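Order-wise, the sequence lines are chains C and A.
For the first sequence, the working numbering gives the first residue as 189, with consecutive numbering after it.
For the second sequence, the working numbering gives the first residue as -9, with consecutive numbering after it.
Have a look at the structure below before the remarks.
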Amino acid sequence: NAGVTQTPKFQVLKTGQSMTLQCAQDMNHNSMYWYRQDPGMGLRLIYYSASEGTTDKGEVPNGYNVSRLNKREFSLRLESAAPSQTSVYFCASMGPTSERTEAFFGQGTRLTVV
Amino acid sequence: SQQGEEDPQALSIQEGENATMNCSYKTSINNLQWYRQNSGRGLVHLILIRSNEREKHSGRLRVTLDTSKKSSSLLITASRAADTASYFCATVTGYSTLTFGKGTMLLVSP
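Following this line, the structure appears as structure tokens:
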């Protein structure tokens, strides 16, 4: 049981390049999330998906797009990377609120945009 | 802006002492959760308390929730050096929106 798997773990991009961060979970969770973590800012929600086929903006969606490919996979795309997007990105998934489930996190992607 | 705000931002104590962290939030919640993060790694769930509960215990952890004040506290009793980490509160609102605060950095010295 792998939980939440994120790839890649590290990435360096040049300004203007694009890339997609991949996330997959094997817990049959409906809800999936993308966060970014910057020093002193905690985790800020970029986008989330409450169920397959739906996505919603979080607190800091500008410069990002997401795709909920199926129930397992939720990808985050940077179309034209900027230095301000240098951060650590975390993917998470969570079961139904009614079942008192917690969120499970991937190990993170450390992205540097130069 | 972020839903939750932890207080204090940093806390330094000696082994054996208790550590108390507080969290305030802005809107009605389904539940509130506390997480721990070691040095930039992924977050690990500690405890969940639902909006209709006032107190939960798990091992050395005690969480309280006051929905009238929109606040929660996490108490870690008899702290150990291994408890050194960042601690975050997270709220679930609406169907499944999960948002985090900025965290409290806890340093437990031997």
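All residues carry an ideal CB built from backbone N, CA and C; glycine is no exception.
Given the structure is predicted, the values throughout are model-derived calculations rather than measurements.
Could you give the residue range of the beta strand (DSSP E) that holds residue i?
i         : result
C/Ser354  : Because chain C in this structure spans residues 189 to 302, residue 354 of chain C falls outside the shown range and cannot be described.
C/Val192  : Val192 to Thr195
A/Lys46   : Glu45 to Ser48
A/Met103  : Given a span of -9 to 100 for chain A in the structure shown, any question on residue 103 of chain A remains unanswerable.
A/Asp109  : Coverage of chain A is limited to positions -9 through 100, which leaves residue 109 of chain A absent and any answer about it impossible.
C/Arg298  : Thr297 to Val301
A/Ala75   : Ala75 to Thr83
A/Leu38   : Leu33 to Arg40
C/Val254  : Asn253 to Arg256
C/Gln213  : Met207 to Gln213
A/Thr87   : Thr87 to Phe90
A/Ser2    : Ala0 to Gln4
C/Thr274  : From DSSP, C/Thr274 is part of no beta strand (DSSP E); its letter is neither H nor E.
A/Arg26   : Asn21 to Gln27
A/Thr94   : Thr94 to Ser99
A/Glu(-4) : Gly(-6) to Asp(-3)
C/Arg232  : Gly230 to Ser237
With a cut-off of 8 Å on the beta carbons, I'd call residue i and residue j a contact; round off their distance for me.
i        : j        : result
A/Asn86  : C/Ser219 : According to the sequence as given, residue 86 of chain A is Ser; it is not Asn. Contact flag correct, Cβ pair sits at about 4 Å.
A/Ala75  : A/Asn12  : Actually they are not in contact, since the Cβ atoms of A/Ala75 and A/Asn12 sit about 17 Å apart, beyond 8 Å.
C/Val170 : C/Thr203 : Chain C is shown from 189 up to 302; residue 170 of chain C falls before or after that span and cannot be answered.
C/Phe278 : C/Gln225 : 6 Å
A/Arg164 : A/Val98  : Only positions -9 to 100 of chain A appear in the structure, and residue 164 of chain A is not among them; the question remains open.
A/Arg50  : A/Ile39  : That pair is no contact at about 16 Å.
A/Ile19  : A/Thr81  : 5 Å
Is residue i close to the ligand GDP? I mean its beta-carbon at under 7 Å from any heavy atom of the ligand.
i        : result
C/Arg224 : The model on display carries no ligand, and the ligand GDP is accordingly not part of it.
Quick check: residue i and residue j, are their CB atoms within less than 8 Å of each other?
i        : j        : result
C/Leu154 : C/Val254 : Only positions 189 to 302 of chain C appear in this structure, which leaves residue 154 of chain C out of reach.
C/Phe293 : C/Val192 : yes
A/Trp24  : A/Ile3   : no
C/Thr242 : C/Tyr235 : no
A/Leu88  : C/Met282 : yes
C/Arg256 : C/Asp214 : no
A/Thr17  : A/Ser41  : no
A/Ser62  : A/Leu22  : yes
C/Gln295 : A/Arg26  : no
Relative to the C-alpha of residue i, which residue among the options is closest?
i         : options                                : result
C/Pro249  : C/Trp222, C/Leu209 and C/Gly230        : C/Trp222
A/Leu64   : A/Pro100, A/Val82 and A/His47          : A/His47
C/Ser268  : C/Gly251, C/Gln194 and C/Arg260        : C/Gly251
C/Ala291  : A/Leu1, A/Glu(-5), A/Cys79 and A/Asp73 : A/Cys79
A/Glu(-5) : A/Asn42, A/Ser41 and A/Phe90           : A/Phe90
A/Lys101  : A/Ala72, A/Arg44 and A/Gln(-1)         : Absent from the model: residue 101 of chain A. The displayed extent of chain A is -9 to 100, so no value can be given.
C/Thr274  : C/Gln205, C/Thr289 and C/Gln210        : C/Gln205
A/Ala9    : A/Asp73, A/Val34 and A/Leu33           : A/Asp73
C/Ser237  : C/Ala212, C/Ala270 and C/Gly230        : C/Ala212
| message | Residues of the segment 33 to 59 of chain A in Cβ contact with chain C at a cutoff of 8 Å, in chain order, please. | response | Leu33, Val34, His35, Leu38 and Arg40
| field | Against chain A: residues of the segment 222 to 235 of chain C by CB proximity under 9 Å | value | Tyr223, Gln225, Gly228, Met229, Gly230, Leu231, Arg232 and Leu233
| request: Note down, in chain order, all residues in the segment 258 to 278 of chain C with a beta-carbon under 7 Å from any beta-carbon belonging to chain A. | output: Val276 and Phe278
| field | Within 9 Å of chain C by C-beta, residues of the segment 76 to 89 of chain A in sequence order | value | Ser76, Phe78, Ala80, Val82, Gly84, Tyr85, Ser86, Thr87, Leu88 and Thr89
| Residues of the segment 1 to 34 of chain A with Cβ closer than 9 Å to any Cβ of chain C, in chain order | Asn20, Asn21, Gln23, Tyr25, Gln27, Gly30, Arg31, Gly32, Leu33 and Val34
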